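Heads up, the thing below is written out as structure tokens.
Residue numbers (UniProt numbering): 1 to 512.
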């Protein structure tokens, strides 16, 4: 049965123009004692500060921050949601907004950037939710251009949340300095709390939010940090034609920007819970669960790689390893063969371990230098010899791969990927995610089997070990799960449940 895709195009639910929208003020009655105290502590108005050593940059060449709402996109949207509660508008401010160029552009890798001087840094006073949006005006000193067109020019994409800094007075409050080099150095440790792939995904959601703001005329100074009324109107967009997971990703991306920039998140806990319940009720039902890779799939994969094609031998070995190690294929593949990432496992990461007993099975370890949850601590993926399934043994498949695709004299083993191979031209090729997925699915479809995705190997391995009556704790440990999430990977659990809870002996049950 084909999966239902998110129906985004042609959605009729949108939001009206926000060209004169102001953030909803927080009610004093709803403030907690801490919020009242924060308001008293920060009652004094901030004084405009001048950024140290400003240099002309991208801001001076980009278009004005005041974004006009296109009539073609906003007019029908206003009519569609005319019944929405009206947002209290603020008088339009016609004064041109001043922008202040940031410091010199950061180098491509911010980790290597020299630490700026801290001679003029003061202790951070913190940024409190009750004072943020009431202090924002069109006359604020901007430190970045908060439009979609400007954000697209910020490279690399993964640093988008780090470079889209808020108004100067908020930077001063959050970091104790209005120097953007100091602020970004302070925010960098929070920015690095998620891996590169997640940072790039979040950057895409941030761009989508800025594009929505451009289309509906949200004033630039009200975009980041985002007030609760604007935030809810954006997150509810297309709610009925998207799935809960997609809306959750949008929310996490915007919340991550606020965390990186040390800005308060406007949604209170009660509002967040209510919004999550609304998502579950209003959004599309979740997709059907991804199917597990079965042993029949591995038979097809193994038969397709019996020739002399070195690439196919590497793919088959990687597939068998991913299945029995319950790992993600993305852990040992690369996105780009031309620019492989540095933290990929290398040829020297494959280590064979002899059995502790003469008759025991041999095992093979792939030492990951970096892992999704554990970061730089890495993790060891382990497969064991399967002598009762000799044709599908992952240890034998990896041995064959390492013999046929072995490094040549001019190829240091520590510089090539663990499942790299010698291509048809004789050149060494890194195993990419795309080539791995396309090759495996081509074999399966040719054999009349359903196509799979990368996580299907992890699901299939967990399901197989569960069906083989392996303890759940062992499956969790072997698969590297740190919570009960692993239970969602196990399929066919009803079979075990039927065997466990069926055919109850009646003796002693008829009482009471």
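C-beta atoms are modelled at their ideal positions from N, C-alpha and C, and glycine is treated no differently. Here the structure is a predicted model, which means the values were calculated and not measured.
message = Taking 8 Å as the threshold (C-beta atoms), are residue 148 and residue 237 in contact?
response = no
request  = Could you check the C-alpha separation between residue 445 and residue 451 for me, to the nearest Å?
outcome  = If I take the Cα positions, the gap works out to 6 Å.
inquiry  = What would DSSP say about residue 371, mapped onto helix, strand or coil?
reply    = Residue state, collapsed to three classes: strand.
ask   = So, helix, strand or coil for residue 364, using DSSP?
value = strand
task = Taking residue 380 as part of the alpha helix (DSSP H), name the residues at either end of that continuous run.
result = Not the alpha helix (DSSP H): residue 380 falls in the beta strand (DSSP E), residues 379-384.
ask   = Excluding sequence positions up to five away, which residues of its chain have a Cβ less than 7 Å from the Cβ of residue 250?
value = 205, 235
inquiry  = On the DSSP letters alone, give me the boundaries of the alpha helix (DSSP H) that residue 180 sits inside.
reply    = 180-191
ask   = Whose C-beta lies closer than 6 Å to the C-beta of residue 255 among residues of the same chain, with five residues either side of it excluded?
value = 265
request  = List the whole-angstrom C-beta distance separating residue 364 from residue 398, where the pair is believed to meet the contact cut-off of C-beta under 8 Å.
outcome  = Under the criterion of beta carbons closer than 8 Å, residue 364 and residue 398 qualify as touching, at roughly 6 Å.
ask   = Taking Cβ positions only, does residue 437 come closer than 8 Å to chain B?
value = Chain labels in this structure do not include chain B; a single protein chain is all it has.
task = Give me the Cα-Cα distance between residue 471 and residue 500, rounded to the nearest whole angstrom.
result = 14 Å
Contact between the region 131-145 and the region 162-179 (3+ Cβ pairs under 8 Å) = yes
ask   = Rounded C-beta distance between residue 162 and residue 151? I'm assuming under 8 Å.
value = Actually they are not in contact, since the Cβ atoms of residue 162 and residue 151 sit about 12 Å apart, beyond 8 Å.
task = Just mark residue 374 as buried or exposed, buried being the case when its beta carbon has 16 or more other beta carbons within 10 Å.
result = Answer is exposed; the Cβ neighbour count stays below 16.
query = For residue 422, does the three-state DSSP call read helix, strand or coil?
reply = strand
ask   = Do you know offhand how far residue 271's Cα is from residue 225's?
value = So the alpha carbons of these two residues sit roughly 17 Å apart.
request  = Sort 276, 319, 284 by Cα distance to residue 297 and report the nearest one.
outcome  = Measuring from the Cα of residue 297, the nearest candidate turns out to be 319.
inquiry  = Looking at the strands, I want to know which residues DSSP matches up with residue 352.
reply    = The partner list for residue 352 (beta bridge, DSSP) reads 364.
inquiry  = Buried or exposed for residue 510, going by 16 or more other Cβ atoms inside 10 Å?
reply    = In summary, residue 510 is exposed, with fewer than 16 beta-carbon neighbours lying within 10 Å of its beta-carbon over all protein chains present.
message = Taking a contact to mean a Cβ-Cβ separation below 8 Å, would you say residue 284 touches residue 275 in this structure?
response = For residue 284 and residue 275, no; Cβs fall outside 8 Å.
ask   = So, helix, strand or coil for residue 284, using DSSP?
value = strand
ask   = Between the Cα of residue 184 and the Cα atoms of 143, 153, 219, which residue gives the shortest distance?
value = Comparing Cα-Cα distances from residue 184 to each of 143, 153, 219, the minimum goes to 143.
ask   = What are the start and end residues of the alpha helix (DSSP H) that includes residue 412?
value = From DSSP, residue 412 is part of no alpha helix (DSSP H); its letter is neither H nor E.
query = Buried or exposed: which applies to residue 491, given that a residue is buried once 16 or more other Cβ atoms fall within 10 Å of its Cβ?
reply = Buried, by the Cβ-count rule.
key: Collapsed DSSP secondary structure at residue 337 in the structure displayed   = coil
request  = Identify, in the order they occur along the chain, each residue of the same chain with its Cβ nearer than 8 Å to the Cβ of residue 393, setting aside the five sequence neighbours on each side.
outcome  = 320, 385, 386, 387
query = Under the rule that 16 or more other beta-carbon atoms within 10 Å means buried, what is residue 461, buried or exposed?
reply = buried
key: residue 427 - DSSP class collapsed to helix/strand/coil   = coil
Residue closest to residue 328, alpha-carbon to alpha-carbon, out of 447, 456, 230 = 456
query = On the three-pair Cβ rule with 8 Å, is the region 337-350 touching the region 299-308?
reply = Judged by pairs of C-beta atoms under 8 Å, the region 337-350 does not touch the region 299-308, as fewer than three such pairs exist.
request  = With a floor of 3 residues, list each beta strand (DSSP E) that falls wholly inside the region 428-501, ordered by position along the chain.
outcome  = DSSP runs (the beta strand (DSSP E)) wholly in the region 428-501: none.
message = To the nearest angstrom, how far is the alpha carbon of residue 135 from that of residue 145?
response = Taking the Cα positions, residue 135 is about 18 Å away from residue 145.
key: Inter-residue Cα distance where the pair is residue 348 and residue 333   = Cα to Cα, residue 348 sits roughly 15 Å from residue 333.
Proximal residues to residue 247 (C-beta, below 8 Å), its chain only, five neighbours per side dropped = 235, 239, 279, 283
request  = Using DSSP bridges, identify the partner residues of residue 346.
outcome  = 417
ask   = So, are the CB atoms of residue 141 and residue 167 less than 8 Å apart?
value = yes
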